[in-house]
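Going down the list, the protein sequences come from chains A and B.
For the first sequence, counting from 1, position 61 maps to 61 in this note's numbering; every step adds exactly one.
For the second sequence, counting from 1, position 179 maps to 1179 in this note's numbering; every step adds exactly one.
By construction, the Cβ of each residue, glycine as well, lies at the ideal position given by its N, Cα and C atoms.
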Amino acid sequence: MNNPLNMVSLFFFLLFLQVFVLNNILFLGFINPYLYIAFVFLYPLKENRIPFLFYSFLLGLSIDFFSDSGGIHAFSILCISYIRLFFVRIYFRKIPADYPFFKLKSESFGKIFNYVVTLTIIHHLIYFSFANFSFYNFSNVLLNTIYSSIFTLLLYFLGTYIFTKSE
Amino acid sequence: MQQLIYFFQKFKYFLFFLLLSFISLTLTFNNLDFHKSKFVNSANFVTGGFYSQTSNISEYWDLKVENKLLAEENTRLRNLLEKKNSANFNIDSTVIDSLKYQQKYTFTTAKIINNNYAKEFNFLTIDKGENQGIKKEMAVINSKGIIGITDNSSGGYARVQSILNRNSKINARLKNSNYFGSLSWNGKDYNTVQLSDIPRQAPLEIGDTIETGGKSTIFPEGILVGIISKIDKGNTADNKVDVTLFNDMSNLGFVHVIKNLDTIEIKLLEARDE
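Listed below in structure tokens is the structure:
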């Protein structure tokens, strides 16, 4: 995944998958997965974080353009890409010297699970709070967060299971 | 100076994060404001193009429903026409004053290429824009009733603020009496909207038809909205009733955009008072 061309194709793949397929699922009328945040999990750790922050912002903004949501997706994906390093340090116990060699799939499943679940729930909570934009209906925000997180996580783990080459 | 450069070096990621979040939050707040939403919307060349491609493919699935809707609308219009004819025949001698038959509205057909209904602030995209004379603040309806108001347009596409948007406020009235209120949405069920601020003396029954009131320059009067499904008997200040829409907002195809030819005249007249 260190090849830049791979990341560009991942960017467009996730964008179109989200906009044309996943945004139209509306399971039970309101539950949608937001799988585009897989970009944050899969982007390699690098010393210089500015391009990474910028690309995630761009991905969120492109999705905003398609779904008429102002800058909500951009803001929520930006937040998790900024705090990603913090959770990498907590869950995987990495120091900056380890970053170039860090690979998500070579870690144990338990650690990956914690890491992905935490970031997904934070992202969804920020997204739905801003989409709702008031404290009225706040229980709705929490319910949406929980349901959509389950959906997103299910798709993410199924996707990684299918697309990882068995070694 | 050294200190300043050092400071930027140390906090460059955080400062970059702040800059980007400032941009995205500004866009978010502007998007919620009807008069400011300029940049991020699906009515531009790229997203509009993509959406019209996908809707070209998916519209085949709805042809049957669309045909049925058109047939129903034809029946309704034929009935109206019949009523009008019989009303005219009853009058002994009809004087037709050609000055009074001035056209007030023009209709344009458009196709919905992107539909949202499950969020709190929903927008639709249609495949007609400024090139076809569609501008901001025009009414969008279909054969069954109201859909929304255009809020942004580019050359070939326009964005419509759906009635299923918490910012929407539309003047509506009871069909059998002329008491009016304002129509808004609480963000919960996409089949139900709320009519509030109706006078207390207005007779309300479950099943009464609600239509647009014609007290704004956007909607003509008498466009269907829905029927009353729940009346709040409590003594609340805003006297709210639930209205079930005639339209199934989750399944929309072709729409009409209404242009009011008198808008400028009315606006000028109202501005003269101030």
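Sequence-distant residues of its chain with Cβ nearer than 7 Å to E107(A) (five each side left out)
As a working mapping, residue 107(A) is identified with position 107 in the first sequence. Excluding positions up to five away in sequence, the list reads F92.
Using a Cβ-Cβ distance under 8 Å, would N1041(B) count as near chain A?
Reading the second sequence from its first residue, position 41 is the one you call residue 1041(B). So yes, N1041(B) belongs to the interface.
Residue interval of the alpha helix (DSSP H) (run including Q1003(B))
In the second sequence, counting from the first residue as 1, residue 1003(B) sits at position 3. Looking at the DSSP string, the run of the alpha helix (DSSP H) that includes Q1003(B) is 1002–1010.
Quick check on the burial criterion: 16 or more other C-beta atoms within 10 angstroms. Buried or exposed for P33(A)?
Here residue 33(A) refers to the residue found at position 33 when the first sequence is read from its first residue. Buried is the call here.
At a Cβ threshold of 8 Å, is I1163(B) touching chain A?
Position 163 of the second sequence, counted from the first residue, corresponds to residue 1163(B). No, no contact with chain A.
Using a Cβ-Cβ cut-off of 8 Å, state whether I80(A) counts as contacting chain B.
As a position in the first sequence, residue 80(A) is number 80, starting the count at 1. Not an interface residue.
Whole runs of the beta strand (DSSP E) within the stretch 1111–1180 of chain B, excluding any shorter than 3 residues:
If we require 3 residues or more, the beta strand (DSSP E) runs fully inside the stretch 1111–1180 of chain B come out as 1121–1126, 1139–1142, 1145–1153, 1158–1165, 1170–1174.
Return yes when the Cβ of K1169(B) is within less than 8 Å of the Cβ of S1182(B), no when it is not.
Taking the second sequence and counting its residues from 1, the one referred to as residue 1182(B) is at position 182. Taking the second sequence and counting its residues from 1, the one referred to as residue 1169(B) is at position 169. Contact: yes.
Should N1316(B) be labelled buried (16 or more other beta-carbon atoms within 10 Å of its own) or exposed?
Outside the displayed range of chain B (1001 to 1274) lies residue 1316(B), so it cannot be described from this structure.
How about G1145(B) and N1247(B): are their beta carbons less than 8 Å apart?
For this step, residue 1145(B) is matched to residue 145 along the second sequence. For this step, residue 1247(B) is matched to residue 247 along the second sequence. In contact: G1145(B) and N1247(B) (Cβ atoms closer than 8 Å).
Would L143(A) pass as a contact of L1020(B) if the rule is Cβ separation under 8 Å?
Counting from 1 along the first sequence, the entry for residue 143(A) is found at position 143. Counting from 1 along the second sequence, the entry for residue 1020(B) is found at position 20. Not closer than 8 Å, so no.
Could you tell me which chain B residues have their CB closer than 9 Å to the CB of I50(A), listed as they occur along the chain?
Sequence index remark: in the first sequence, residue 50(A) carries index 50 (1-based). Going along chain B in sequence order, the residues near I50(A) (Cβ under 9 Å) are K1012, Y1013, F1016.
Contact between the stretch 1214–1226 of chain B and the stretch 1252–1267 of chain B (3+ Cβ pairs under 8 Å):
yes
If I follow the unbroken alpha helix (DSSP H) through T160(A), where does it start and stop?
Along the first sequence, one-based indexing puts residue 160(A) at 160. Note, T160(A): alpha helix (DSSP H), 138–163.
Mark F57(A) as exposed unless 16 or more other C-beta atoms lie within 10 angstroms of its C-beta, in which case mark it buried.
Walking along the first sequence from the start, residue 57(A) turns up at place 57. Buried, by the Cβ-count rule.
What does a CB cutoff of less than 8 Å around D1062(B) pick up in its chain, not counting 5 residues either side in sequence?
Against the second sequence, residue 1062(B) aligns to sequence position 62. Same-chain partners within the cutoff: N1251, G1253.
Would A97(A) pass as an interface residue toward chain B - the criterion being a Cβ-Cβ separation below 8 Å?
For the purposes of this step, residue 97(A) is taken as residue 97 along the first sequence, with counting starting at 1. So no, A97(A) is outside the interface.
Which residues, taken in chain order from the stretch 55–73 of chain A, show a beta carbon closer than 8 Å to some beta carbon of chain B?
F57, G60, L61, D64, F65, F66, S67, D68, S69, G70, G71, I72
In chain B, which residues lie with their C-beta within 7 Å of the C-beta of N29(A)?
Walking along the first sequence from the start, residue 29(A) turns up at place 29. Here residue 29(A) is Gly; the residue named in the question, Asn, does not match the sequence. What G29(A) touches in chain B: A1118.
Within chain A, the residues that N1030(B) reaches when beta carbons sit closer than 9 Å:
Numbered from its first residue, the second sequence carries residue 1030(B) at position 30. Near N1030(B) (Cβ distances below 9 Å), the residues of chain A are G70, G71.
Please name the residue, chosen from D1127(B), R1200(B), R1078(B), that lies closest to T1150(B) on a Cα-to-Cα basis.
As a working note, residue 1150(B) is residue 150 in the second sequence. Checking every option, the nearest Cα to that of T1150(B) belongs to D1127(B).
Is the number of C-beta pairs between the stretch 1115–1132 of chain B and the stretch 57–73 of chain A that are closer than 8 Å three or more?
yes
With a Cβ-Cβ cutoff of 8 Å, do H123(A) and S62(A) count as a contact?
Translated into positions along the first sequence, residue 123(A) becomes position 123. Translated into positions along the first sequence, residue 62(A) becomes position 62. No, these two residues do not count as a Cβ contact at 8 Å.
Spatial distance of N1044(B) from T1054(B) (CA atoms)
Position 44 of the second sequence holds residue 1044(B). Position 54 of the second sequence holds residue 1054(B). Between N1044(B) and T1054(B), the C-alpha separation is close to 15 Å.
Should K1010(B) be labelled buried (16 or more other beta-carbon atoms within 10 Å of its own) or exposed?
The residue given as residue 1010(B) occupies position 10 in the second sequence. It is exposed - the Cβ of K1010(B) has fewer than 16 other Cβ atoms within 10 Å.
Going along chain B in order, which residues have a C-beta closer than 8 Å to the C-beta of N132(A)?
Translated into positions along the first sequence, residue 132(A) becomes position 132. Result: E1120, G1187.
Name the chain A residues that come within less than 7 Å of T1217(B), Cβ to Cβ?
Taking the first residue of the second sequence as 1, we reach residue 1217(B) at position 217. Within chain A, no residue has its beta carbon less than 7 Å from that of T1217(B); the closest one is some 25 Å off.
Between the beta-carbon of F86(A) and the beta-carbon of L119(A), is there less than 8 Å?
Along the first sequence, one-based indexing puts residue 86(A) at 86. Along the first sequence, one-based indexing puts residue 119(A) at 119. It is not a contact, given that the beta carbons lie outside the stated cut-off.
How would you write the range of the alpha helix (DSSP H) that G60(A) sits in, first residue to last?
Sequence index remark: in the first sequence, residue 60(A) carries index 60 (1-based). Here the alpha helix (DSSP H) through G60(A) covers 50–67.
Using 8 Å as the threshold, is the C-beta distance between V1241(B) and I1227(B) below it?
For this step, residue 1241(B) is matched to residue 241 along the second sequence. For this step, residue 1227(B) is matched to residue 227 along the second sequence. Not in contact: V1241(B) and I1227(B) (Cβ atoms no closer than 8 Å).
Please work out which residues of its chain come closer than 8 Å, Cβ to Cβ, to L153(A), disregarding the five sequence neighbours upstream and downstream, and give them in chain order.
The residue you call residue 153(A) lines up with position 153 of the first sequence. Taken in chain order, the residues that qualify are V116, V117, T120.
Looking at L17(A): is its Cβ nearer than 8 Å to the Cβ of L35(A)?
Start at 1 with the first residue of the first sequence, and residue 17(A) comes out as number 17. Start at 1 with the first residue of the first sequence, and residue 35(A) comes out as number 35. Closer than 8 Å, so yes.
Residue interval of the beta strand (DSSP E) (run including A1228(B))
The residue given as residue 1228(B) occupies position 228 in the second sequence. It is worth fixing the name first, because residue 1228(B) is Ile in this sequence and not Ala. First-last of the beta strand (DSSP E) with I1228(B): 1224–1231.
When the cut-off is 8 Å and only beta carbons count, does F1123(B) lie next to chain A?
Counting from one through the second sequence, the residue named residue 1123(B) turns up at place 123. Yes, F1123(B) counts as interfacial toward chain A.
Is it a yes or a no for the stretch 38–55 of chain A touching the stretch 94–102 of chain A, going by three-plus beta-carbon pairs under 8 Å?
Taking 8 Å as the limit for Cβ pairs, the verdict is that the stretch 94–102 of chain A does touch the stretch 38–55 of chain A.
Cutoff 8 Å; reference K1104(B); Cβ partners in own chain excluding five residues on either side
As a position in the second sequence, residue 1104(B) is number 104, starting the count at 1. For K1104(B), where only same-chain residues beyond five positions count, the Cβ hits under 8 Å are P1220, N1260, L1261, D1262.
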